[in-house]
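Protein chains in written order, with numbering that gives the first Met the number 0: chain A, 0 to 146; chain B, 0 to 146; chain C, 0 to 81; chain D, 0 to 81.
Ideal Cβ placement from N, Cα and C applies to all residues, glycine included.
Everything numeric in this text was worked out from a predicted model, so none of it was measured.
Worksheet: the structure to be examined is printed underneath.
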Amino acid sequence: MTVRLQEAAFDAGAELNAFTAAQSNAGAVVSFSGIVRNSARGDLVAMEIEHYPAMTGSAIEAMIETARGRFALGDALVIHRHGRLAPAEPIMMVATASRHRADAFAAAEFLMDYLKSRAPFWKKEVTASGAQWVAPRDADEKALTRW
Amino acid sequence: MTVRLQEAAFDAGAELNAFTAAQSNAGAVVSFSGIVRNSARGDLVAMEIEHYPAMTGSAIEAMIETARGRFALGDALVIHRHGRLAPAEPIMMVATASRHRADAFAAAEFLMDYLKSRAPFWKKEVTASGAQWVAPRDADEKALTRW
Amino acid sequence: MIDVVYFAWVRERIGLPRESVETSAATVADLVAELRAREDRYDMAFTDLSALRVAVDQELTDFDAPLAGVREVAFFPPMTGG
Amino acid sequence: MIDVVYFAWVRERIGLPRESVETSAATVADLVAELRAREDRYDMAFTDLSALRVAVDQELTDFDAPLAGVREVAFFPPMTGG
Chain A
0 MTVRLQEAAF
10 DAGAELNAFT
20 AAQSNAGAVV
30 SFSGIVRNSA
40 RGDLVAMEIE
50 HYPAMTGSAI
60 EAMIETARGR
70 FALGDALVIH
80 RHGRLAPAEP
90 IMMVATASRH
100 RADAFAAAEF
110 LMDYLKSRAP
120 FWKKEVTASG
130 AQWVAPRDAD
140 EKALTRW
Chain B
0 MTVRLQEAAF
10 DAGAELNAFT
20 AAQSNAGAVV
30 SFSGIVRNSA
40 RGDLVAMEIE
50 HYPAMTGSAI
60 EAMIETARGR
70 FALGDALVIH
80 RHGRLAPAEP
90 IMMVATASRH
100 RADAFAAAEF
110 LMDYLKSRAP
120 FWKKEVTASG
130 AQWVAPRDAD
140 EKALTRW
Chain C
0 MIDVVYFAWV
10 RERIGLPRES
20 VETSAATVAD
30 LVAELRARED
40 RYDMAFTDLS
50 ALRVAVDQEL
60 TDFDAPLAGV
70 REVAFFPPMT
80 GG
Chain D
0 MIDVVYFAWV
10 RERIGLPRES
20 VETSAATVAD
30 LVAELRARED
40 RYDMAFTDLS
50 ALRVAVDQEL
60 TDFDAPLAGV
70 REVAFFPPMT
80 GG
């Protein structure tokens, strides 16, 4: 497994290709890319992402271990940025590899659900009219109940 | 939407990046890549994929339209190869873009389930000891019942 | 005249990918019965209809589908895409 | 001595990211009570515990978690990763 936390942008396509090339006999690779969306009013200046460096990496590794115990997961990659991001920039990506697609999809969704609500990241939207911490969505907390 | 049927290999990472760059304000992009796995005995020489040219493209476009009606799907890409493929080569990919991840994941899984069992492709495994048409998996037919 | 096309092992058993068939069959099932009566290779290919799928004018359908006005009928095993 | 760390709006309300706290609090809840008694900015940050999450030695836990042997306690709002 690979977990990378970084301020720098990353190339999702290049990461997907490198991840896929590193697998042996996986039939299915799923990726998720999260991108900075604009605010409802279209005036987003930046998305600032704070995290808890002493905890983030180990928390995500533990999530991947849990996913391994629940799904036939060959390998997983998580990249998550922090710092100041502009609209349309990539925030993070997850990739999973399995023999069959059902496990690759399930593991990717499981990791995303846990990353959303259990990995120590906090997003702040900076707009022309001020800055505001992003509130968690009820749907995100609810998504965890299915696992 | 984009549907491409081709004999030539494709670069999944480059396709993912081009698809992502073409979206406006999507927060979530999901991709699935299918890769030629070796046979159970590890002696796969090639995977031959036959399809029904007069039907394949329109059948996949209809699947994407159905997905659009069921999910908040911003855009979708399907690339599927035919002809003779070597082990570890990419067979196909699906990419979906939505505002939120639940729709992007659901649409990608929906498209994969339908592509597996309702798009007119047939796979033949060519091994050192002969060639055999791939039998459909019960799990693939069963997967359709959830939609 | 209807164009009848075959894929995968159906094509291999019958020994050709496409043919024009002079028929007045009312349904796909009637067309299958006519084909089976022709020769052993057809009879064998259509022995187990549960192992076959059919498309009429490039749309998946059932064996009781009518053939009036139809231009192309395709027979093939369950699909294995993706 | 326990290191207490704050993130996101908890950090902003309290006005610092980290401090060492001399405490004999038995649980996280006891530590919260001590901090609230200090100053208004702490009191306000901890007014609604349902809006807060806590990690003890970098593991998510509850407000009734014991603090014996603990080196670091972190307070923050619900996480919004991904």
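Inclusion of B:Ala45 and B:Ala20 in the CB contact set at 8 Å is not warranted, their separation being larger than that value.
Along the stretch 68 to 91 of chain A, going in chain order, the ones with a CB nearer than 9 Å to a CB of chain B are Pro86, Ala87, Pro89, Ile90. Under the DSSP definition of a beta bridge, A:Leu4 partners with A:His79.
Straight-line measurement puts the Cα of C:Leu15 at about 44 Å from the Cα of B:Ser97. When 7 Å is used as the limit between beta carbons, B:Leu114 is near these residues of chain C: Gly80, Gly81, in chain order. Contact between B:Val2 and B:Gly56 holds, since their C-beta atoms are separated by about 6 Å, short of 8 Å.
Listed along the chain, the chain A residues whose CB falls inside 9 Å of the CB of D:Phe45 amount to none; the nearest CB is some 17 Å away. It is roughly 43 Å from the alpha-carbon of A:Ala25 to the alpha-carbon of D:Ser49.
Counting along the chain, the unbroken alpha helix (DSSP H) around A:Ser57 starts and ends at 52 to 69.
For D:Val27, the enclosing alpha helix (DSSP H) stretches over residues 27 to 37. For A:Glu64, no Cβ of chain B is located within less than 8 Å of the residue's own Cβ.
Just measuring C-alpha positions, the residue of C:Met78, C:Val72, C:Gly81, C:Thr79 sitting nearest C:Ala25 is C:Val72. Using a Cβ-Cβ cut-off of 8 Å, C:Ala73 counts as an interface residue toward chain B, since at least one Cβ of chain B sits closer than that to its own. In summary, A:Thr144 is exposed, with fewer than 16 beta-carbon neighbours lying within 10 Å of its beta-carbon over all protein chains present.
At a cut-off of 8 Å, the C-beta of C:Leu15 has no neighbouring C-beta in chain B. At the C-beta level, B:Ile59 and B:Arg80 stay beyond 8 Å of one another.
Within chain C, Thr79 have C-beta atoms less than 7 Å from the C-beta of B:Lys122, given in sequence order. Inter-segment contact for the stretch 33 to 51 of chain C and the stretch 3 to 14 of chain C is present: three or more beta-carbon pairs are separated by less than 8 Å.
Spanning the alpha carbons of C:Glu21 and A:Asn16 requires a straight line of approximately 52 Å. Counted as a single uninterrupted DSSP element, the beta strand (DSSP E) harbouring A:Ser97 occupies residues 89 to 97.
In this structure, B:Ala27 lies away from B:Ala87, with their beta-carbon atoms at least 8 Å apart. In this structure A:Val133 is in contact with D:Thr79, their Cβ atoms being roughly 5 Å apart against a cut-off of 8 Å. In this structure, the alpha-carbon of A:Tyr51 lies about 35 Å from that of B:Ala75.
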